[in-house]
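J.:
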Amino acid sequence: MAVLSSLWAVVITTCLGASMAQTVSQPQKKKSVQVAESATLDCTYDTSDTNYLLFWYKQQGGQVTLVILQEAYKQYNATLNRFSVNFQKAAKSFSLEISDSQLGDAATYFCALRGS
0 MAVLSSLWAV VITTCLGASM AQTVSQPQKK KSVQVAESAT LDCTYDTSDT NYLLFWYKQQ
60 GGQVTLVILQ EAYKQYNATL NRFSVNFQKA AKSFSLEISD SQLGDAATYF CALRGS
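Start counting the sequence shown at 0; every next residue gets the next number (numbering that gives the first Met the number 0).
1. List, from N- to C-terminal side, the beta strand (DSSP E) runs of 3 residues or more that fit wholly inside the segment 6-90.
2. Can you give me the C-alpha to C-alpha distance between residue 129 and residue 65, rounded to a whole angstrom?
3. Taking buried to mean at least 16 other C-beta atoms within 10 Å of its own C-beta, is residue 89 buried or exposed?
4. Return the residue from the list 21, 97, 111 and 25 that minimises the CA-CA distance to residue 47.
5. When DSSP builds the beta bridges, which residues end up paired with residue 114?
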């Protein structure tokens with residue numbers, strides 16, 4: 000069984016003045032799937048910024064790499080190889096979808112937000 004997620008209440012908050020607070024949270028603590036199955040990791044966020052970027056990162060073996068990036072102004076969901084996002088701007092939701100999971104996908108995944 001490939002463990003695709005070990006998320007321990009990752010919360011990133013940035014304060015850039017009273018009206019520019021940004022919060023990102025991941026409700027799932029851990030997710031396990033079988034090799035070749037799909038996995039979805041959820042992320043919610045809150046920002047008063049209208050122009051922002053959303054990221055999914057993968058931490059494995061002490062290294063952190065960017066998995067995928069979603070620009071808030073784009074109407075389509077970002078896709079890169081077996082990784083895609085389900086971006087719901089109105090719901091402030093940004094889920095990572097991993098299709099055809101592989102043993103090499105076993106890692107800690109976290110989402111992040113950067114305002115303009």
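In this text, a Cβ means the ideal position worked out from N, Cα and C, and glycines have one as well.
T.: In brief:
1. 10-13, 21-24, 29-32, 38-40, 43-46, 51-59, 62-70 and 82-87
2. Residue 129 is absent from the model: the chain starts at 0 and stops at 115.
3. Here residue 89 is taken as the residue at index 90 of the sequence shown, counted from 1. Result: exposed.
4. In the sequence shown, residue 47 corresponds to position 48, counting from 1. Checked all of 21, 97, 111 and 25; the closest Cα to residue 47 is 21.
5. Stepping through the sequence shown from its first residue, residue 114 is reached at position 115. BP columns for residue 114 point to 51.
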